[in-house]
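Asker: In this note's numbering, the protein residues as written are 18 to 305.
#1: Between residue 103 and residue 138, is the Cβ-Cβ spacing less than 7 Å?
#2: Just how far apart, CA to CA, sit residue 292 and residue 52?
#3: Per DSSP, which one or two residues make a beta bridge with residue 200?
#4: Tell me the DSSP secondary structure of residue 70 in three-state form.
#5: Assign residue 109 to buried or exposed, taking buried as 16 or more other Cβ atoms, counted over all protein chains shown, within 10 Å of its Cβ.
#6: The beta strand (DSSP E) with residue 149 in it runs from where to where?
#7: Between the stretch 144-163 and the stretch 273-290, do three or more beta carbon pairs fall short of 8 Å?
#8: Alpha carbon to alpha carbon, how far is residue 96 from residue 186? Give it in angstroms, no decimals.
#9: Answer yes or no: do residue 202 and residue 122 have a C-beta to C-beta separation smaller than 7 Å?
#10: Got a sec? Which residues, its chain only, sit under 7 Å from residue 205 by beta carbon, not counting five neighbours each side?
#11: Suppose you measure from the CA of residue 200 to the CA of residue 31; what does that come to, to the nearest Å?
#12: Among 276, 160, 135, which residue has its Cα nearest to the Cα of residue 170?
#13: Do residue 307 and residue 256 have their CB atoms nearer than 7 Å?
#14: Out of 176, 252, 231, state which residue places its alpha-carbon closest to the alpha-carbon of residue 190.
#15: Starting from the C-beta of residue 217, find all residues in its chain whose C-beta is less than 6 Å away, skip the five residues before and the five after it, and write them out in chain order.
#16: Just the C-alpha distance for residue 29 and residue 260, rounded to the nearest angstrom, thanks.
#17: Give a single yes or no on whether residue 206 has its beta carbon closer than 6 Å to a heavy atom of the ligand MG.
#18: Residue 161: which of 248, 280, 299 sits nearest, CA to CA?
#19: To the nearest angstrom, how far is it from the Cα of residue 163 to the Cα of residue 107?
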């Protein structure tokens with residue numbers, strides 16, 4: 018009986034040891050990818066912050082933004098959601114947080130929304146539930162180029178301009194630290210402009226050529242494209258951070274289980290040796 022128990026424990030130890038080797042290797046790979054993705058995120062975020070500030074300052078300095086881009090220009094009935102998830106699992110709550118945030122957002126929608134999915138996890142989840150997926154991007158998020166992000170944004174902007182949708186929202190994961198990432202929802206269109214009285218007071222008169230509408234028809238898509246591309250880069254960083262943490266926890270749990278199993282194995286071995294000694298003593302007593 019003890020012998021069978023020892024064999025079972027040895028099999029479990031062997032299985033968990035293999036798992037521990039895999040999770041530890043995945044942790045090291047994710048740590049290397051995280052360093053690369055974090056460097057890219059920090060590099061691009063500085064540039065994007067400057068570009069977005071410049072565009073937002075133009076919005077802030079004028080009262081002539083075309084009405085269709087401002088809140089209240091139309092009733093919000095149908096929304097387009099751009100959601101950023103991963104293509105793989107084993108990254109903790111990274112994907113589930115985005116899905117939960119999206120479910121909260123669509124709960125009060127008047128009409129069934131349309132989705133632009135970046136990552137297969139989000140696409141598969143909402144596609145199975147009968148939602149329309151306008152387009153998707155299924156390559157690793159860290160490999161996406163700005164031109165590809167621009168192509169992804171084009172259907173959303175076209176649907177908004179043609180009034181097929183009344184709102185465009187972006188749901189992605191923001192990087193707080195290596196240990197913390199948060200799901201965030203941002204409304205891209207229509208966008209809210211906070212007019213700063215001091216800025217307006219000291220602003221110079223600006224002439225727009227060929228017209229205000231033409232300028233903003235160019236600027237608004239650029240604003241959306243930059244926001245989406247920045248979100249994809251940031252989400253890729255968050256994915257690797259979440260996967261590294263998940264694999265580290267899995268490795269620690271496997272090592273803890275191995276310690277407990279080793280203790281059970283030693284106890285079972287001692288019990289087996291004690292049983293054998295008792296049998297030998299009992300046999301020798303019987304021969305007297």
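Backbone N, C-alpha and C define an ideal beta-carbon position, used for all residues, glycine too.
Answerer: With the given structure in hand:
#1: For the purposes of this step, residue 103 is taken as residue 86 along the chain shown, with counting starting at 1. For the purposes of this step, residue 138 is taken as residue 121 along the chain shown, with counting starting at 1. In contact: residue 103 and residue 138 (Cβ atoms closer than 7 Å).
#2: Within the chain shown, residue 292 is the residue found at index 275, counting from 1. Within the chain shown, residue 52 is the residue found at index 35, counting from 1. Roughly 55 Å separates the two Cα atoms.
#3: Here residue 200 refers to the residue found at position 183 of the chain shown. DSSP, once it has assigned bridges, lists 190 as partnering residue 200.
#4: By one-based count along the chain shown, residue 70 stands at place 53. Of the three classes helix, strand and coil, the one that applies to residue 70 here is helix, per DSSP.
#5: For this step, residue 109 is matched to residue 92 along the chain shown. With 16 or more other Cβ atoms within 10 Å, it is buried.
#6: Here the question's residue 149 lines up with position 132 in the chain shown. Segment 149-154, the beta strand (DSSP E) holding residue 149.
#7: no
#8: Against the chain shown, residue 186 aligns to sequence position 169. Against the chain shown, residue 96 aligns to sequence position 79. Rounded to whole angstroms, residue 186 to residue 96 spans 7 Å at the Cα level.
#9: Within the chain shown, residue 202 is the residue found at index 185, counting from 1. Within the chain shown, residue 122 is the residue found at index 105, counting from 1. A contact, by the Cβ cut-off of 7 Å.
#10: Numbered from its first residue, the chain shown carries residue 205 at position 188. Answer for residue 205: 185, 186, 187, 241, 244, listed in chain order.
#11: For the purposes of this step, residue 200 is identified with residue 183 of the chain shown, where counting begins at 1. For the purposes of this step, residue 31 is identified with residue 14 of the chain shown, where counting begins at 1. For residue 200 and residue 31, the distance between alpha carbons rounds to 38 Å.
#12: Stepping through the chain shown from its first residue, residue 170 is reached at position 153. That would be 135, whose Cα lies nearest to the Cα of residue 170.
#13: Given that the chain is displayed from residue 18 to residue 305, the structure contains no residue 307 and the question cannot be resolved.
#14: By 1-based counting over the chain shown, the position of residue 190 is 173. Of the listed residues, the one whose Cα sits closest to residue 190 is 252.
#15: Indexing the chain shown from 1 puts residue 217 at position 200. Any reading at residue 217 must be qualified, since the residue scores a pLDDT of 48, below 50, and its modelled position is unreliable; no value is offered.
#16: Here residue 29 refers to the residue found at position 12 of the chain shown. Here residue 260 refers to the residue found at position 243 of the chain shown. In a straight line, the C-alpha of residue 29 is about 25 Å away from that of residue 260.
#17: No copy of the ligand MG occurs in the structure displayed, which carries no ligand at all.
#18: Counting from 1 along the chain shown, the entry for residue 161 is found at position 144. It is 248.
#19: Counting from one through the chain shown, the residue named residue 163 turns up at place 146. Counting from one through the chain shown, the residue named residue 107 turns up at place 90. Distance between the alpha carbons of residue 163 and residue 107 is about 27 Å.
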